[in-house]
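Protein sequences, first through last, are from chains A and B.
Just so we're aligned, residue 1 is where the first sequence starts under the working numbering, counting upward by one.
Just so we're aligned, residue 1 is where the second sequence starts under the working numbering, counting upward by one.
Single-structure report; data block below.
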Amino acid sequence: MVDNSKGFHVLTHFIMIFLAIFCLLPFALLLISSITGEDALIHNGYSFIPRAIDFTAYKYLLTDSHSIVGAYGVTVFVTVIGTVTNIILTTLMAYPLSKKELPGRNVVSFFIFFTMLFSGGLVPSYMMWTQYFHIKNTIWALIVPGMLLTAFNIIMMRTYFTSNIPDAVVEAAKIDGGSESQILTKVILPMSMPIMATLGLLVGLSYWNDWLNGLYYVTKDNLFSIQVLLNKMLLDVQFLMSTASSGMGSDLSAKVPSTAIKMAVAVLGVLPIMVIYPFFQRFFVKGITVGAVKG
Amino acid sequence: MLIPGCIYIFINNYIPMGGLMIAFKKINYRIGILHSPWVGLKNFEFLFKTKEAWTITRNTILYNLTFIVIGTVIAVGVAMLLNQIRQNGARKSYQTIILLPHLISIVVVSYLVFGFLSTESGFVNNSILEPLGIAPISWYSTAKFWPYIIVIVAIWKSFGYSCIIYYATLVGIDKSYYEAAVIDGASRWKQMKHITLPGLKSIIIILTLMSISKIFYSDFGLFYQVPMNSGALIDITNTIDTYVYRGLAKLNNIGMASAAGFFQSIVGFVLVILANYIVKKIDEDSALF
Numbered sequence: 001m002v003d004n005s006k007g008f009h010v011l012t013h014f015i016m017i018f019l020a021i022f023c024l025l026p027f028a029l030l031l032i033s034s035i036t037g038e039d040a041l042i043h044n045g046y047s048f049i050p051r052a053i054d055f056t057a058y059k060y061l062l063t064d065s066h067s068i069v070g071a072y073g074v075t076v077f078v079t080v081i082g083t084v085t086n087i088i089l090t091t092l093m094a095y096p097l098s099k100k101e102l103p104g105r106n107v108v109s110f111f112i113f114f115t116m117l118f119s120g121g122l123v124p125s126y127m128m129w130t131q132y133f134h135i136k137n138t139i140w141a142l143i144v145p146g147m148l149l150t151a152f153n154i155i156m157m158r159t160y161f162t163s164n165i166p167d168a169v170v171e172a173a174k175i176d177g178g179s180e181s182q183i184l185t186k187v188i189l190p191m192s193m194p195i196m197a198t199l200g201l202l203v204g205l206s207y208w209n210d211w212l213n214g215l216y217y218v219t220k221d222n223l224f225s226i227q228v229l230l231n232k233m234l235l236d237v238q239f240l241m242s243t244a245s246s247g248m249g250s251d252l253s254a255k256v257p258s259t260a261i262k263m264a265v266a267v268l269g270v271l272p273i274m275v276i277y278p279f280f281q282r283f284f285v286k287g288i289t290v291g292a293v294k295g
Numbered sequence: 001m002l003i004p005g006c007i008y009i010f011i012n013n014y015i016p017m018g019g020l021m022i023a024f025k026k027i028n029y030r031i032g033i034l035h036s037p038w039v040g041l042k043n044f045e046f047l048f049k050t051k052e053a054w055t056i057t058r059n060t061i062l063y064n065l066t067f068i069v070i071g072t073v074i075a076v077g078v079a080m081l082l083n084q085i086r087q088n089g090a091r092k093s094y095q096t097i098i099l100l101p102h103l104i105s106i107v108v109v110s111y112l113v114f115g116f117l118s119t120e121s122g123f124v125n126n127s128i129l130e131p132l133g134i135a136p137i138s139w140y141s142t143a144k145f146w147p148y149i150i151v152i153v154a155i156w157k158s159f160g161y162s163c164i165i166y167y168a169t170l171v172g173i174d175k176s177y178y179e180a181a182v183i184d185g186a187s188r189w190k191q192m193k194h195i196t197l198p199g200l201k202s203i204i205i206i207l208t209l210m211s212i213s214k215i216f217y218s219d220f221g222l223f224y225q226v227p228m229n230s231g232a233l234i235d236i237t238n239t240i241d242t243y244v245y246r247g248l249a250k251l252n253n254i255g256m257a258s259a260a261g262f263f264q265s266i267v268g269f270v271l272v273i274l275a276n277y278i279v280k281k282i283d284e285d286s287a288l289f
């Protein structure tokens, strides 16, 4: 038992390192391909060995191309506005619901909870947002449908309020003459920073990564977020491939961004996540485990 | 305080529920949705007469079942390995890395896949098949590989997430059980069989039932964006979600799209209720409601 213990640990690390490489390799291919010269890419394809290092793709994207800078702007705007609004709405829902004396509490709770069980699906939602709210091709299409408030987050925050903030604290604030809104902003919020940070990161991530709202509701290219732009560029590759095989690709390929640029855009799309993730790792892990246990 | 949120939920979630009635209508945008004529079950008749109705149902369910089985086995296995690692730094690094794929959008995943599988410049065709003297494969038009590709991509993206949930449960198992087992001379295998797996049993059952309740839903991006919406792959990658989207946006066949959506919503709802009922039978505290 003691003898094979060391061997067992080596094996464990071996498997975990293998899995870690399995998770990271695709990102390495993306990154290396994006800094490989175009000629090398055409000759040897995407590869882990950068045969000719060349940053032209990034230079092109950041200086000559308006679409990428614009898309970054759209994504940042949508992420910030969406996340802030989401957290405010979630707090406004979760705080009253955390109070046992609230009249009609169960009715409201069920009203929220039922949306986790049953949904109208894409077709009615699409028709409502486009026919009655005329949201198509506005910036709100990227912020409002589906993502502004979710039952799951309300429940997570309510659970945090009920289990982590002692009633005595709220009672004391009441005796000191604090109104409900003062109690919420001066007492509850400062005590709730961990859950705010966790939910804020998860919501921000889902706004940053969202491309479905863009796919459904946006066709104007000045409103493309970075993810929608990525989606469109990949479909253009496909378009290029299908036309190239029928022998008319040559003059089209001059317009479509080149092989390296495709990978460079994708790198720019994940870069912010990759950069901040290691620092906020524990919040993400916490969000997942709390959600799984309490949700 | 509750008013803004309730209004949003009413609009965003409840109006579309009422909107499910369009599955029984023939929509005409000019006269408006409410005034469009009722056609009874016509849309459903059309839908279930097509070959696609069977294909999309089969694909959605079979892919999900595969994800559940393989995903659970891998996630539980990795969580156990993670639990064996004593060095805090190493454990944290592994945890950080395996969760990374979960955090990126499926659009970026489709680029990663494209980097490997692109016919002209993909890594597999250029750096693996060519040195071996095998002719390049046109991945995006060869259907037989895609069930495997889809499964690998789905597992790659999601195993870190469920692994972290299982690991969090493992950490909660009382260490004294293991100490007692070691004193009694139990092997690692026996410890796993008699302490670890029973400790994970209820969370495994719950997560599996949750996934079963979502068996009629699929990750739209995985089946639409990753195969690059390729026509040659449609039989093997079409699921209910991609079918509804194509019906709505590409073919303008609202009748069938809404019928398929209705089918998905109702069966999905029944499955959630059923799954919860079963969870309740097994473990009262873990039930959703």
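We put the CB at the ideal spot given by N, CA and C, even for glycine.
Asked                                                                                                                                     : Found
C-beta atoms of L103/B and L205/A nearer than 8 angstroms                                                                                 : yes
Start-to-end residues for the alpha helix (DSSP H) that takes in H102/B                                                                   : N88 to L103
Below-8 angstroms beta-carbon distance, V285/A vs any chain B residue                                                                     : yes
Identity of the residue in L142/A, N137/A and F27/A nearest F77/A by Cα                                                                   : L142/A
Three-state secondary structure assigned by DSSP to W38/B                                                                                 : strand
I282/B to G77/B span [Cα, whole Å]                                                                                                        : 23 angstroms
Identity of the residue in A275/B, Y243/B and A249/B nearest F262/B by Cα                                                                 : Y243/B
Beta bridge counterpart(s) of I53/A as assigned by DSSP                                                                                   : T36/A
Contact set between G146/A and chain B, taken where Cβ atoms lie within less than 7 angstroms                                             : N12
Status (buried if at least 16 other CB within 10 Å, exposed otherwise) for P227/B                                                         : buried
Proximal residues of chain A, C-beta to C-beta of V107/B below 7 angstroms                                                                : W211, Q227, L230 and N231
Contacts around F186/B, its chain only, beta-carbon distance under 8 angstroms, and the 5 residues preceding and following it disregarded : The sequence as given places Ala at residue 186/B; Phe does not occur at that position. Hits under 8 angstroms: H194.
Where the region 66 to 82 of chain B meets chain A: residues whose CB sits under 8 angstroms from a CB there                              : V78, L81 and L82
Proximity below 8 angstroms, CB of L61/A to CB of V107/B                                                                                  : no
Cβ shell of Y161/B (< 7 angstroms), same chain only, five flanking positions each side left out                                           : L99 and H102
Nearest-angstrom Cβ-Cβ length linking N209/A and G70/A, presumed shorter than 8 angstroms                                                 : That belief does not hold up - the Cβ atoms of N209/A and G70/A are roughly 18 angstroms apart, past 8 angstroms.
Cβ-Cβ distance between L201/A and F284/A below 8 angstroms                                                                                : yes
Sequence-distant residues of the same chain with beta carbon closer than 6 angstroms to G82/A, five excluded per side                     : I143 and Y207
For K25/B, three-class secondary structure by DSSP                                                                                        : strand
Environment of W189/B [buried if 16+ CB atoms lie within 10 Å]                                                                            : exposed
Y95/A versus M157/A: straight-line alpha-carbon distance, rounded                                                                         : 8 angstroms
Every unbroken alpha helix (DSSP H) within the region 221 to 285 of chain B, with a cutoff of 4 residues, ordered by chain                : 234 to 237, 240 to 245 and 254 to 282
Unbroken stretches of the alpha helix (DSSP H), 4 residues or longer, contained in the region 129 to 209 of chain B                       : 146 to 171, 175 to 183 and 188 to 191
H134/A, DSSP secondary structure in three states                                                                                          : coil
Minimum Cβ-Cβ distance from I139/A to chain B less than 8 angstroms                                                                       : no
Three-pair Cβ contact test at 8 angstroms for the region 158 to 172 of chain A versus the region 127 to 135 of chain A                    : no
Segment limits, alpha helix (DSSP H) that includes E54/B                                                                                  : Reading off the sequence shown, one finds Trp at residue 54/B, where the question assumed Glu. Its alpha helix (DSSP H) spans residues K51 to Q84.
Test item: CB-CB of T90/A and I154/A under 8 angstroms                                                                                    : yes
Cβ of F8/A within 8 angstroms of any chain B Cβ                                                                                           : yes
Contact the region 63 to 70 of chain B vs the region 116 to 136 of chain B: 3+ CB pairs below 8 angstroms                                 : no
Closer than 7 angstroms at the beta carbon, the chain B residues around N44/A                                                             : N126
Spatial neighbours of G37/A in its chain, beta-carbon cut-off 8 angstroms, leaving aside the 5 residues before and after                  : R51, A52, I53, D54, T56 and A260
Buried versus exposed call for V73/B [16 or more other C-beta atoms within 10 Å across all chains shown]                                  : exposed
Amino acids of chain A, ordered along the chain, whose beta-carbon sits closer than 9 angstroms to that of M192/B                         : The premise fails here: M192/B is roughly 12 angstroms from chain A at the closest Cβ pair, so nothing lies under 9 angstroms.
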